[in-house]
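Engineer:
Protein chains: 2
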Amino acid sequence: MPPSAPRSTQTPLYKQVADKVAKMIADGALRPGERTPSLREIGEQQGVSMSTAVQAFVELESRGLVEPRHKSGFFVKAPPQVLPDLPGPPRVPMSGSLGNRHASLFDAVVAGGVIALGGAVPSPDILPTAKLNRMLAEKARHAGARGVMYDLPPGSEVLRRQISKRMMKGGAVVAPAEIITTCGATEALMLCLRAVTKPGDVVAVETPTYFGILHVLEALELRALEIPTDPRTGLRLDVLEGALKNQQVNACIALPAFSNPLGASMPDEAKQRLVAMLKEREIPLIEDDVFGELPFGPKRARTCKSYDESGLVLFCSSFSKTLAPGYRVGWVVPGRYYHAVRMAKLTHTMATATLPELAIASFLSEGGYDHWLRSVRSIYKENVSRMRRAILEEFPTGTTVTTPQGGFLLWVTMPAMVDALELYDRALAKGVSIAPGQLFSLERSYANCIRISCGDQWSARMAGAIRTLGSLAKRQVK
Amino acid sequence: MPPSAPRSTQTPLYKQVADKVAKMIADGALRPGERTPSLREIGEQQGVSMSTAVQAFVELESRGLVEPRHKSGFFVKAPPQVLPDLPGPPRVPMSGSLGNRHASLFDAVVAGGVIALGGAVPSPDILPTAKLNRMLAEKARHAGARGVMYDLPPGSEVLRRQISKRMMKGGAVVAPAEIITTCGATEALMLCLRAVTKPGDVVAVETPTYFGILHVLEALELRALEIPTDPRTGLRLDVLEGALKNQQVNACIALPAFSNPLGASMPDEAKQRLVAMLKEREIPLIEDDVFGELPFGPKRARTCKSYDESGLVLFCSSFSKTLAPGYRVGWVVPGRYYHAVRMAKLTHTMATATLPELAIASFLSEGGYDHWLRSVRSIYKENVSRMRRAILEEFPTGTTVTTPQGGFLLWVTMPAMVDALELYDRALAKGVSIAPGQLFSLERSYANCIRISCGDQWSARMAGAIRTLGSLAKRQVK
């Protein structure tokens, strides 16, 4: 095949070049008042002659997009009036697969101007934002070469030493050398699944469960076995045990501490029994503990990892619920799968960003992390309690709400005729975002449920949002 | 099944607790002079009685590990003399699968005290380390809430706007909205492969090629079709074309700009032809451009993306070769696979770390990036040239070295009897790390080749390292 000439012959060359520059302006890559690339640059970049470049700029000038300034080249004149018809990325539709729903939930948050009760994200007004950013600034100023270099897996040693100490509070004695830092718990979860499963494998999960988990399972072509979960005590071990007897299960994911979305707390004996039950069959357990440091009571519970003597428990957590989601710092203790997880980390993202790791290590060692946790726990406790009362007051008769003992999530079950997806759409139109129940199961159960996040101070604005939600739900009942 | 009691009965309980604390000390989680958790805390965390905790501390004291201080609890006394026998993570062996080799290469770098010519990593002494860290500090101080919050995909808009401008220098008009930021090019590559392939698919790659790519293919259970690559002009299109006629190929990965490891530069007509050839068969092309901004000449070449009219080219790059590997900021322009890549990003790491993104955006907009690139290009050019001469001088007769026109990598082909893995082991023992040729092919070809990185200023130390390598290689020839 001879080298082909993919350039279209329908539009004159200078117009094609002008269209491209117009698109840069329309897209905001070149802004009003900014100098455009020079004629020579355009010529070289687009592989056209100088005279074609000149023609292109005459065309752009005639469209009112650029203006020449004496001896300094062309400048962008004004915001574009007409969008060019070159295709941009299509928008994520509001319906469709689980994944798209998941993305649209984020779109709502990113868009801003919305009371975001949908994402399980703490408010930056509650987080120790200023202090943490100051610590990062401090680290950046003094890190030198270390700050710009890879912090290859297993990641920052000072951070791992701090994490090791925190893990002991949950009863697990874990050496810094057994820990691998990750870009949040999301990466940790995926690394674990890549280490312990292959496509087609069956993974037992709670139901309802965090949609991010279901989405990772989908992405890795794993099959989810949804195990009923008690809103108070978590994963139903009797059901799990029955399932293990009847079918192949290759891994299990549990959220024993203030699960997402139910806020369930597994009793210690249940954790111990779960670890033993899986050990008997050599099934790895992935423990997601992202809310573990946020009990309403004075002390944190033991982790499943603390009962693990065979290295079958892969423990995942992050600082996204307690310090800074945007720092993207989490960790995994992969037990006997250490090598596989470390290799997966290398191919996944190579390393975790160095300076955010160091900033978080500083906060843990000298930022008063425990003091801060105590204060934020009481804020969440208060907010969860007020939100609960408001929901029971404003929502249709027959609505029930969970009573979590930690974290900041509420699971709301409305009368059967309420459709959460419809409620989601209508609420978003009124500037309130929620997480519809259908997201929390691959079988699209929980159509009359929603998850409400209480990751912020209680406020009149929030009370108003609950009133809005309540009245929209009531309309569906009548 | 009744709840089991996995705790061992052979060792007394207090000793088990003491062993755990001893391990924390040995692992460095508790350091000399530091206060240990209190008796009460230990009791609660380990689920033992107060008297058992006391016994454990008596035991620890008798082992000389802790000492009580009046009214302030126990403190770690001295570095541990004996390592406890609880299992830590096993070490990565020096031989074995490709992945393990890959990891061991990094171990050498992480270990320090080694002249690291093995990794394709720029030296922090060359990078604009101080300025960049200062910009990050500045961003961290003023970012407020934004700094700690998720920057959900597609990632920071200010950064994407800057990237859009840079992409134009390579001839590709790409809107900020078509770009997704990633945790480096490693994540970008993996997201692209996840978007366009499924396990078992065949991916055409250069050979020799960057081992990270081969490793990602292995991880995703993809089959690599290794296409011979010319050290000057890159991927052999005649061979690729023949292969496309004879077998199913699901995707292609090319490094048209100063490829890793060969340093080859694809001519513009070849890029155009490659894009057209793949378009004809609707095969996606993943373009890895991490060295694209580092030509030795005055201007950068066009990208394959600039010839892409059908959205089949997925363009990947990062700032890891030009600014700061440790910031973990890269990007992808996924063309028609935008949605799939964006969803993959959510399940992969949720988001890219916010503040590093903003710091890099600042450097691009007001840090004098182009000026900086000009100066670093001349450093790399000089270093590559000196390193080349030194290799030809010191290595066995018959050794050949590539003549790249950009980047900072050299590919050294030694006489056939030299074994690069053996050279690697011997060189490492003498404090010099290289990348053995066997890593760059799944078929373990290139046994007599090594890749040498020139990502640092030329120095006497480096000259010494080349002398060491040369004499080790010569010993294998005789």
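If you read the sequences in order, they're chains Z and G.
The numbering used here runs 53 ahead of the 1-based position in the first sequence.
The numbering used here runs 53 ahead of the 1-based position in the second sequence.
Note that CB positions come from ideal geometry on N, CA and C, so glycine has one too.
Any C-beta of chain G within less than 7 Å: which residues of the segment 211 to 231 of chain Z qualify?
Structural biologist: Arg214, Ser217, Lys218, Met221, Lys222, Gly224, Val226, Ala228, Pro229, Ala230 and Glu231
Engineer: Would you say Lys352(G) reaches chain Z, if we count a Cβ-Cβ gap shorter than 8 Å as a contact?
Structural biologist: In terms of beta-carbon proximity, Lys352(G) lines the interface with chain Z, with at least one pair separated by less than 8 Å.
Engineer: Less than 8 Å between CB atoms is the rule here; does Pro378(Z) satisfy it with respect to chain G?
Structural biologist: yes
Engineer: Along chain G, in chain order, which residues have C-beta atoms closer than 8 Å to that of Asn313(Z)?
Structural biologist: Residues of chain G passing the Cβ test: none, with the nearest at roughly 14 Å.
Engineer: Taking all protein chains shown into account, do 16 or more other C-beta atoms lie within 10 angstroms of the C-beta of Ser209(G), making it buried, or fewer, making it exposed?
Structural biologist: Buried: at least 16 other Cβ atoms inside 10 Å.
Engineer: State the DSSP-derived secondary structure class of Ser373(G), mapped to helix, strand or coil.
Structural biologist: coil
Engineer: If you draw a straight line from the C-alpha of Arg442(Z) to the C-alpha of Thr456(Z), how long is it?
Structural biologist: Near 11 Å, if we compare the C-alpha coordinates of Thr456(Z) and Arg442(Z).
Engineer: For the alpha helix (DSSP H) containing Ile216(G), list its first residue and its last residue.
Structural biologist: Glu210 to Lys222
Engineer: Within the chosen definition, does the segment 275 to 293 of chain Z reach the segment 253 to 261 of chain Z through at least 3 CB pairs nearer than 8 Å?
Structural biologist: yes
Engineer: Could you tell me the distance, in whole angstroms, from the CA atom of Val135(Z) to the CA atom of Leu445(Z)?
Structural biologist: Residue placement at Val135(Z) cannot be trusted, given a pLDDT of 32 that sits under 50; what the coordinates show is reported in the next sentence. For Val135(Z) and Leu445(Z), the distance between alpha carbons rounds to 49 Å.
Engineer: DSSP puts Glu19(Z) in a beta bridge; with which residues?
Structural biologist: Here chain Z covers residues 54 to 531 and nothing more, so residue 19(Z) does not appear.
Engineer: Need the endpoints of the alpha helix (DSSP H) that Ala71(Z) sits in, please.
Structural biologist: Leu66 to Ala79
Engineer: Count the other CB atoms, across all protein chains shown, that sit within 10 Å of the CB of Arg247(Z); report buried if there are 16 or more and exposed otherwise.
Structural biologist: So Arg247(Z) counts as buried.
Engineer: Where does Gly508(Z) sit, in a helix, a strand or coil, going by DSSP?
Structural biologist: coil
Engineer: When DSSP labels each residue in this structure, what does Cys502(G) get in the three-state scheme?
Structural biologist: strand
Engineer: Could you tell me whether the segment 200 to 220 of chain Z touches the segment 181 to 189 of chain G, using the rule of 3 or more Cβ pairs below 8 Å?
Structural biologist: With the cut-off at 8 Å, the segment 200 to 220 of chain Z and the segment 181 to 189 of chain G touch.
Engineer: Just grab the DSSP bridge partners of Ser318(Z) for me.
Structural biologist: BP columns for Ser318(Z) point to Ala310(Z).
Engineer: Comparing alpha-carbon positions, which option in Val249(Z), Glu271(Z) and Phe264(Z) lies nearest Lys251(G)?
Structural biologist: Glu271(Z)
Engineer: How far does the alpha helix (DSSP H) with Gly96(Z) in it reach, from first residue to last?
Structural biologist: Leu92 to Gln99
Engineer: Is Pro387(G) buried or exposed, if buried means 16 or more other CB atoms sit within 10 Å of its CB?
Structural biologist: buried
Engineer: Could you tell me the boundaries of the alpha helix (DSSP H) in which Pro409(G) lies?
Structural biologist: Thr407 to Glu419
Engineer: Looking only at DSSP bridge pairs, what is Trp425(G) linked to?
Structural biologist: According to DSSP, which records beta bridges pairwise, Trp425(G) is partnered with nothing at all.
Engineer: Would you mind stating whether Ala354(Z) and Ser318(Z) have Cβ atoms separated by less than 8 Å?
Structural biologist: yes
Engineer: Please report how far the alpha carbon of Ile519(Z) lies from the alpha carbon of Met440(Z), in whole angstroms.
Structural biologist: 8 Å
Engineer: For Ala377(Z) and Gly345(Z), what's the separation of their Cα atoms in angstroms?
Structural biologist: If I take the Cα positions, the gap works out to 16 Å.
Engineer: Say whether chain G places a C-beta atom closer than 8 Å to the C-beta of His424(Z).
Structural biologist: So, not an interface residue.
Engineer: Please look up how many angstroms separate the CB atoms of Leu462(G) and Ala173(G), rounded, as I've assumed it's under 8 Å.
Structural biologist: 6 Å
Engineer: Pick helix, strand or coil for Pro562(G), following the three-state DSSP scheme.
Structural biologist: The question about residue 562(G) has no answer here: the residues shown for chain G are numbered 54 through 531.
Engineer: Between the alpha carbons of Pro206(G) and Leu118(G), how many angstroms are there, rounded?
Structural biologist: 49 Å
Engineer: Check distances from the C-beta atoms of the segment 74 to 85 of chain G to those of chain Z and list, in chain order, the residues that come in under 9 Å.
Structural biologist: Val74, Lys76, Met77, Ala79, Asp80, Gly81, Ala82, Leu83 and Arg84
Engineer: Among Ser370(Z), Gly171(Z) and Gln458(Z), which has the Cα closest to the Cα of Lys434(Z)?
Structural biologist: The option with the nearest alpha carbon to Lys434(Z) is Gln458(Z).
Engineer: When the Cα of Leu170(Z) is compared with those of Arg528(Z), Gln510(Z) and Lys531(Z), which residue comes out closest?
Structural biologist: Gln510(Z)
Engineer: Give me the residue from Gly126(G), Leu66(G), Gln108(G) and Arg389(G) with the minimum Cα distance to Ser91(G).
Structural biologist: Taking only the C-alpha atoms, the option nearest Ser91(G) is Gly126(G).
Engineer: I'd like the list of long-range same chain contacts for Tyr422(G), defined as Cβ closer than 7 Å, with 5 residues on each side in sequence excluded.
Structural biologist: Phe416
Engineer: According to the Cβ coordinates, are Glu240(G) and His401(Z) closer than 8 Å?
Structural biologist: In contact: Glu240(G) and His401(Z) (Cβ atoms closer than 8 Å).
Engineer: My assumption, with CB atoms under 8 Å, is that Thr235(Z) sits in contact with Leu244(Z). Please give the rounded CB distance.
Structural biologist: 7 Å
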